[in-house]
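In the numbering used here, the protein residues as written are -10 to 627.
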């Protein structure tokens, strides 16, 4: 076998990047939200034609070692609050007050759970608890709960309740209402963190579940035996059975962060902010001194969870975000038209204005070359929806509407990352995703960033970044008051668990790197310090000592070498396009094909650079230079 397939499934487009001995192959296809396995196999089929010359998925799959998959569907669902209604079974009367401890948690809880909380008494006898549980489940499902979380204060009482659950509600009777038990899901001593992890995982799980069921069925039809790996937010991959839905939150952008770190290393850039502008969200992350900010107990929408997550923030603005006029002002997102029906210009029935429609009418996008000519755009449909939804309500002409929409979108994207910009001017903005290259320069200027990096693989960069992942798993246990023999028992148990895990992934434990550490955790659950296993660690009042094992099997990674370009010659334009400028005039603007430019070729804005599956806009007073790897380095001279 010769190939590694990486797939990043977005709300509007799905990206496929294939690594082989001959180099990298990549393509894109429209996401099919009704059945994600459809775009999964369509993308592999399109990639197969590029790699093997045969337009069948089997031709590529039979020569593939691994498939690594990430999805932003769960992230998008949380941003748009589109998911299952959740019900809670608890034994704590003040549960809602404790878990709704600030504005963010109160708002999210009200939208995901609301009043669907049943309080039961777990100290009753079995018969009384049995009857109480049946009544609680019936009341929650009657109130519209589609999934349940059991959140009991004592883990032993929760286990007892689970036994009653399984007896009273066998799977075939409970039907389509899955149940998650909080202590079983995350044995985290910090209660609110554990419970929020259970709630968020319950909300995110259905999207992943539907895809995996359908994908596994279709993989069997292709007689594919090679494993499907789920790419996680912590930067590692694991088989489906070992994956947690919560760790897929912003997993695609984590791939982008890995690619960004490779760029930062290749170009020796100290601080790189990435913006991955997709259809529904703009995902923001930071690489500082080649380090990706990762929290041992990461946050989702600012809410602490029990799992390690990278510090990626997803904002509800992207290429398919809906523009509306509210009280005389233009709003952007978080609601998105997604891939179905998509922007109006796609011609699939969309009736809302998006930035894709705006860029088409501004003249930035060529209706004949979108997605490398695979999807023809319809300017008339874009004009109709912008006239009806924006220009008419604001009583302005269409060109004024376009400029105001562009400005609103740039400000919204800048808002997503401006707080992380260094004040010393050393921040570089790495922009990718379908919309990143079009929006980056305007947003960078708003945020005070004067250097932008657009990689040649911008359109599929998160899929490319997944190539840097390994097989990995971590294990933790509190050992604060345990004796040496008890710690030795946990040590042995962790080794056994890691060996079984890696065996199930297809690797021997002696093929893995094992790193032991001691973590000191503060009373509020935050990490205080980390130490080698043999260090003497003293605790302060309220602190806890955690034993941790990290097990990792390294997979092949791509090599990225590049040097910062120096402008040595003029880039050669191949065409021109009439573009609406900020002064309200349409001017002839040169178009450069990125693949046709020599290293160190340079040009100045206003200009358009067409890359593979992406369009980059170079505004006035910006200069672009092409690197030896066909990346774009842009500098603002304003």
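Glycine residues also receive a C-beta, built at the ideal position from the N, C-alpha and C atoms.
Counted as a single uninterrupted DSSP element, the alpha helix (DSSP H) harbouring residue 249 occupies residues 240 to 256. Straight-line spacing of the CA atoms in residue 437 and residue 374 works out to 33 Å. The beta carbon of residue 7 is closer than 6 Å to those of -8, -6, 14, 36, 40 in its chain, skipping five residues each way along the sequence.
The way I'd put it, the stretch 212 to 232 doesn't touch the stretch 74 to 90; fewer than three beta-carbon pairs between them come closer than 8 Å. Beta-bridge partners assigned by DSSP to residue -2: 3, 60. Buried is the label assigned to residue 581, since at least 16 other Cβ atoms lie within 10 Å of its Cβ. Fully contained in the stretch 433 to 489 are the following beta strand (DSSP E) runs of length 3 or more, in chain order: 440 to 443, 459 to 467. In the DSSP assignment, residue 419 is bridged to 263, 442. Counting along the chain, residue 615 sits inside no alpha helix (DSSP H); it lies in the beta strand (DSSP E) bounded by residues 611 to 615. Residues of the same chain with a CB within less than 6 Å of the CB of residue 121, apart from the 5 flanking positions on each side, are 109 in chain order. Residue 133 and residue 98 have their C-alpha atoms roughly 15 Å apart.
As computed with DSSP, residue 520 is found in a beta bridge with 507. When DSSP states are grouped into helix, strand and coil, residue 183 belongs to the helix group. The alpha-carbon separation between residue 455 and residue 545 amounts to approximately 11 Å. In this structure, the beta-carbon distance from residue 60 to residue -2 falls below 7 Å. Listed as beta-bridge partners of residue 603 by DSSP are 600. Of the candidates 506, 530, 514, 560, the residue whose Cα lies closest to the Cα of residue 523 is 506. The DSSP-derived three-state label of residue 90 is coil. Residue state for residue 125 is assigned as helix, using DSSP reduced to three classes. Ranked by how close their Cα comes to the Cα of residue 232, the residues 167, 194, 117 have 194 in first place. The beta carbons of residue 300 and residue 422 sit no closer together than 7 Å. At a cut-off of 3 residues, the continuous stretches assigned as beta strand (DSSP E) that sit fully inside the stretch 267 to 352 are 271 to 277, 302 to 304, 310 to 315, 318 to 325. A contact is defined here as three or more CB-CB pairs under 8 Å, and the stretch 178 to 192 fails this definition with respect to the stretch 303 to 314. Taking 7 Å as the cut-off, the Cβ atoms of residue 352 and residue 503 do not count as close. Take residue 277, set aside five residues on each side of it, and the residues of its chain with a beta-carbon closer than 6 Å to its own are 260, in chain order. For residue 204, the CB contacts under 7 Å within the same chain, skipping 5 residues up- and downstream, are 26, 29, 217 in chain order. Around the beta carbon of residue 346, 16 or more other beta carbons sit within 10 angstroms, so the residue counts as buried. Note on geometry: alpha-carbon atoms of residue 210 and residue 48 lie some 14 Å from one another. For the options 334, 605, 89, 453, the alpha carbon positioned closest to that of residue 432 is the one of 605. When Cβ pairs closer than 8 Å are counted between the two stretches, the stretch 596 to 603 is seen to touch the stretch 438 to 447, the count reaching three or more. The beta carbon of residue 245 is closer than 6 Å to those of 263, 265, 450, 451, 454 in its chain, skipping five residues each way along the sequence.
DSSP links residue 539 through a beta bridge to 463, 504.
Secondary structure at residue 15: strand, using DSSP grouped into helix, strand and coil. Residue pairing for residue 591: DSSP places it in a beta bridge opposite 559, 614. Between residue 149 and residue 170, the C-beta spacing is not below 7 Å. Membership of residue 76 in the beta strand (DSSP E) is indicated by the continuous run 75 to 79.
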